[in-house]
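Here the protein sequences line up with chains A, B, C and D, keeping their order. With full-length UniProt numbering applied, the first sequence covers 1 to 195. With full-length UniProt numbering applied, the second sequence covers 1 to 195. With full-length UniProt numbering applied, the third sequence covers 1 to 195. With full-length UniProt numbering applied, the fourth sequence covers 1 to 195.
Number of protein chains: 4
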Amino acid sequence: MVDGTRRPGRPRSEAARLAILKATHDELLERGYGGLTMEGIAARAGVGKQTIYRWWRSKADVALDSLLNVASEGIPIPDEGGLEADLSAFLSRTFGMQESEGPVLKGLLAQSLLDPEFAEAFRDHFLAGRRAALRTVLNQAVARGEIPADADLGLLHDVVYGVLWYRLLFRTAPLDDEAARGIASLIAGSVRNRE
Amino acid sequence: MVDGTRRPGRPRSEAARLAILKATHDELLERGYGGLTMEGIAARAGVGKQTIYRWWRSKADVALDSLLNVASEGIPIPDEGGLEADLSAFLSRTFGMQESEGPVLKGLLAQSLLDPEFAEAFRDHFLAGRRAALRTVLNQAVARGEIPADADLGLLHDVVYGVLWYRLLFRTAPLDDEAARGIASLIAGSVRNRE
Amino acid sequence: MVDGTRRPGRPRSEAARLAILKATHDELLERGYGGLTMEGIAARAGVGKQTIYRWWRSKADVALDSLLNVASEGIPIPDEGGLEADLSAFLSRTFGMQESEGPVLKGLLAQSLLDPEFAEAFRDHFLAGRRAALRTVLNQAVARGEIPADADLGLLHDVVYGVLWYRLLFRTAPLDDEAARGIASLIAGSVRNRE
Amino acid sequence: MVDGTRRPGRPRSEAARLAILKATHDELLERGYGGLTMEGIAARAGVGKQTIYRWWRSKADVALDSLLNVASEGIPIPDEGGLEADLSAFLSRTFGMQESEGPVLKGLLAQSLLDPEFAEAFRDHFLAGRRAALRTVLNQAVARGEIPADADLGLLHDVVYGVLWYRLLFRTAPLDDEAARGIASLIAGSVRNRE
DNA sequence: TCCTAAACGAGACGGTACGTCCTGTCTTTGT
DNA sequence: ACAAAGACAGGACGTACCGTCTCGTTTAGGA
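Structure (structure tokens):
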């Protein structure tokens with residue numbers, strides 16, 4: 001056995017862990033992030049508050065964990081043969097997911113804005129995965145020569161996700177398939193012939 | 001007589017209003033948005049809590065008002081003769097302002113995410129002004145023929161402000177003059193190569 | 001005109017005074033003394049709070065005044081020819097009045113216990129009248145020779161009103177005609193059989 | 001095992017309970033009942049307000065409890081061989097105690113008058129004990145044949161305590177040894193030869 | 001088979017801030 | 001000048017949660 005450091009005492013209860021994540025998820029749906037409380041989670045999960053604090057540092061950590069537990073199916077990478085089509089497909093799918101997770105995402109972002117420690121966790125555990133997926137799509141286009149090698153890929157990332165978050169936060173326009181095509185077209189146009 | 005609708009009773013105290021906005025501003029600088037409390041504001045302003053609740057619905061409303069009171073100098077509109085130069089100058093200045101107001105903006109956004117009623121106020125009183133300024137810049141470009149009349153101006157807005165907010169929130173890249181030039185160039189490139 | 005000291009300015013509004021006393025009375029009946037507030041009186045009387053403070057020093061003063069305004073019909077003195085019969089009749093009537101005014105009396109007493117200034121007013125304007133009436137009854141008995149001239153009349157007063165208030169406050173026994181007869185008998189017996 | 005009904009969870013803190021009662025007592029002495037506040041008690045006891053509300057329903061309940069905690073030494077029953085002497089000794093001692101507790105008693109009575117629920121508690125926990133003591137004294141006299149078996153003992157109770165409270169509340173005469181002798185004499189006289 | 005030790009549920013603890021209520025004072029306009 | 005209206009500073013209220021603590025109970029090794 002690789003890990004001989006098994007500690008004595010009663011082991012962590014997997015049932016409690018799942019009950020907490022489930023309760024958190026349900027509370028989020030019912031009351032929204034603003035109405036999420038440790039006491040509410042504990043009561044709904046039939047768990048002592050201490051048990052939550054033992055394994056998570058804060059309300060936001062529990063919420064993030066409960067989100068990752070649901071949304072961890074992985075982000076599919078399209079390969080339609082061209083940057084614009086790839087982007088359009090990628091965004092279309094991403095928008096669909098964001099739709100359902102939107103309210104919780106907004107709550108987590110809110111916490112992230114008020115709590116730098118959580119912000120780090122949010123960036124590392126959630127955003128990083130999204131950015132990696134988009135990076136794959138863009139790298140395909142670089143490999144095909146559609147994007148110049150010296151282009152500022154970071155900016156392209158920020159434009160794509162910037163629009164996504166901006167519209168998610170402020171609802172200036174819907175996040176639908178037409179939006180996906182529009183953004184894809186804009187990005188593709190901007191890299192087509194530079195200088 | 002212009003206004004005959006003067007109500008009876010003691011009129012609202014302008015001194016109290018200003019003291020509250022000032023105290024809120026100072027508290028925001030000292031403790032950040034997360035550390036802002038009604039009791040703190042009232043104590044620092046030398047005011048009863050009731051007086052705050054009489055005129056503002058929530059902590060966030062006071063904070064927003066205190067921000068608008070400071071940042072209402074107006075957003076200058078550049079006219080450098082070309083879209084890319086205009087955008088670059090506009091963003092450069094906007095970034096500078098955002099720099100100082102960033103922390104408060106993040107707090108207000110956080111509140112906005114948790115409280116739909118406040119979200120509306122935030123959008124209408126703060127964002128609207130920013131969008132109007134950018135609209136002027138883009139309209140100049142449309143008038144010059146740099147942007148096709150049928151372009152999706154809404155998307156351009158969202159791209160510009162999307163990148164701004166995304167970087168403000170997640171700090172994936174700095175908001176400096178180089179960033180301003182990069183975004184300007186991307187936008188200009190994207191409208192140049194449509195067919 | 002007898003009084004030339006008429007002060008300048010708008011004279012005191014009798015209508016306001018009556019409206020305040022009436023409103024106070026009604027509030028007392030509806031909410032009890034504990035639920036009486038200056039704001040409530042002012043609102044119901046259609047009067048500014050200041051107008052109340054201008055003429056009465058406190059909530060309790062208004063309440064006392066409103067009570068005196070109602071209960072000032074005067075206390076009738078019986079003369080049945082003998083101490084026991086006189087006392088019995090006197091107490092019987094007094095109990096009847098106390099019955100209806102009981103709740104308000106209890107409120108005023110409560111205030112009296114918490115506020116020494118009001119206690120004085122309560123004693124001088126309310127209790128004094130009651131004691132004077134009883135004094136007359138007892139003096140009749142002294143004149144008739146039923147009570148020795150050297151008896152402690154103060155103690156007799158305190159016994160009679162002591163039982164009355166004690167039962168009013170703590171409801172250990174009803175204040176009815178039988179009680180009136182019992183007290184009268186006890187007092188008469190006690191002065192009959194000295195040494 | 002006598003008591004298996006131990007509830008789960010952290011047990012009530014005896015230290016907190018005592019600190020609260022002590023703080024309440026001290027606040028009562030310093031500020032009087034009118035100046036008693038939950039916040040003051042909590043602060044002085046170094047306790048959260050919730051902890052007070054968890055175990056007492058109101059300010060008055062705490063005050064009553066704090067009083068009982070102090071005055072629970074028990075009321076001594078005299079046996080001097082005769083009713084008048086017994087009563088005189090009993091009242092003399094009772095007056096002495098009432099002297100020191102007077103202000104607090106008045107406050108509790110005031111609360112009792114405004115709040116029927118508290119009135120019940122006050123009657124059951126405080127007055128009942130006093131009445132039981134007096135009952136013992138009177139029963140001794142009944143046993144000795146000094147009081148006729150068919151006498152209205154309830155009335156005698158109310159006369160004794162009625163005078164006590166009346167003088168406590170309205171200060172018409174002092175509560176001293178002479179008063180004790182006077183009341184004892186009056187009671188004894190009233191039961192001496194009835195027919 | 002016990003013993004040790006940690007995790008568990010429950011819920012009380014000291015605190016902080018909340019938003020409401022009422023007080024007594026003040027500052028207006030209207031009569 | 002007084003009345004009404006109502007804003008003002010102040011302060012206590014009772015509630016909601018926070019994160020910590022202290023119980024008795026449960027569940028696993030290791031002795």
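Ideal Cβ positions, reconstructed from N, Cα and C, are used throughout, including at glycine.
- For Arg-44 (chain D), the enclosing alpha helix (DSSP H) covers residues 38 to 45.
- Counting along the chain, Pro-174 (chain A) sits inside no alpha helix (DSSP H), nor does DSSP assign it H or E at all.
- Gly-40 (chain A) is outside the set of residues whose beta carbon lies under 8 Å from a beta carbon in chain B.
- Annotation: the continuous alpha helix (DSSP H) that includes His-25 (chain C) extends over 14 to 31.
- The shortest C-alpha to C-alpha distance from Arg-171 (chain D) to any of C:Leu-127, C:Trp-55 and C:Leu-68 is the one to C:Leu-127.
- Spatial neighbours of Leu-168 (chain C) in its own chain (CB-CB distance under 8 Å, excluding positions within 5 residues in sequence) are listed in chain order as Gln-98, Gly-102, Leu-105, Lys-106 and Leu-175.
- Non-local C-beta neighbours of Asn-69 (chain A) in its own chain, meaning closer than 7 Å and more than five positions away in sequence, comprise Leu-21, ordered along the chain.
- Distances from the CA of Asp-26 (chain B) to each of B:Arg-44, B:Gln-111, B:Glu-80 and B:Leu-134 were compared; the closest alpha carbon is that of B:Arg-44.
- For Asp-86 (chain A), the number of other beta carbons within 10 angstroms of its own is at least 16, and it is reported as buried.
- If you check the CB distance, Leu-36 (chain D) and Leu-28 (chain D) come in under 8 Å.
- In the DSSP annotation of this structure, Gly-145 (chain A) is not part of any alpha helix (DSSP H), being labelled neither H nor E.
- Shown in chain order are the members of the stretch 162 to 173 of chain C whose Cβ falls below 9 Å from a Cβ of chain D: Gly-162, Val-163, Leu-164, Trp-165, Tyr-166, Arg-167, Leu-169, Phe-170, Arg-171, Thr-172 and Ala-173.
- Secondary structure at Glu-178 (chain C): helix, using DSSP grouped into helix, strand and coil.
- By the criterion of a C-beta distance shorter than 7 Å, Ser-185 (chain B) is surrounded in its chain by Glu-84, once the five residues flanking it on both sides are discounted.
- For the stretch 85 to 116 of chain B, the beta-carbon criterion of a distance under 8 Å to any beta-carbon of chain A is satisfied by Lys-106, Gly-107, Leu-109, Ala-110, Gln-111, Ser-112, Leu-113, Leu-114 and Asp-115.
- Against chain B, a Cβ distance below 9 Å from Tyr-33 (chain A) picks out Leu-113 and Leu-114.
- Within the stretch 181 to 192 of chain C, the residues whose Cβ lies closer than 9 Å to any Cβ of chain D are, in chain order, Gly-182, Ile-183, Ser-185, Leu-186, Ile-187, Ala-188, Gly-189, Ser-190, Val-191 and Arg-192.
- When C-beta distances to chain A are compared with 7 Å, the residues of the stretch 117 to 145 of chain B below that value are Arg-123 and Leu-127, in chain order.
- At a cut-off of 8 Å between C-beta atoms, Gly-82 (chain D) does not count as an interface residue with respect to chain C.
- For a Cβ distance threshold of 8 Å, residue set Thr-172 and Ala-173 of chain D lies close to Gly-154 (chain C), ordered along the chain.
- Going by beta carbons, Ser-92 (chain C) and Asp-152 (chain C) fall outside the 8 Å limit.
- Counting other Cβ atoms within 10 Å of its Cβ, Ala-149 (chain D) stays below 16 and is therefore classed as exposed.
- The DSSP-derived three-state label of Gly-81 (chain B) is coil.
- The C-beta of Asp-158 (chain A) has 16 or more other C-beta atoms within 10 Å across all chains shown, which makes the residue buried.
- Residue contact check for Asp-158 (chain C) against chain D: a CB pair falls below 8 Å.
- For Trp-55 (chain A), the enclosing alpha helix (DSSP H) has its first and last residue at 49 to 55.
- Pro-11 (chain B) sits in coil when the DSSP states are folded into three classes, being neither helix nor strand.
- About 7 Å separates the beta carbon of Arg-130 (chain A) from that of Tyr-161 (chain A), a gap short enough to meet the 8 Å contact definition.
- Contact annotation, Ser-88 (chain D) with Ala-180 (chain D): C-beta distance approximately 5 Å; criterion of less than 8 Å satisfied.
- In this structure, D:Gly-34 is the residue among D:Glu-146, D:Ala-143 and D:Gly-34 with its C-alpha nearest to the C-alpha of Ala-63 (chain D).
- Ile-183 (chain B) places its beta carbon less than 8 Å from that of Val-163 (chain B).
- Within the same chain, Cβ atoms closer than 7 Å to the Cβ of Phe-122 (chain A) are found at Leu-64, Leu-108 and Ser-112, the five residues on either side in sequence being excluded.
- Spanning the alpha carbons of Arg-31 (chain A) and Leu-67 (chain B) requires a straight line of approximately 29 Å.
- For Leu-64 (chain D), the enclosing alpha helix (DSSP H) starts and ends at 59 to 70.
- DSSP places Phe-118 (chain D) in the uninterrupted alpha helix (DSSP H) bounded by 116 to 122.
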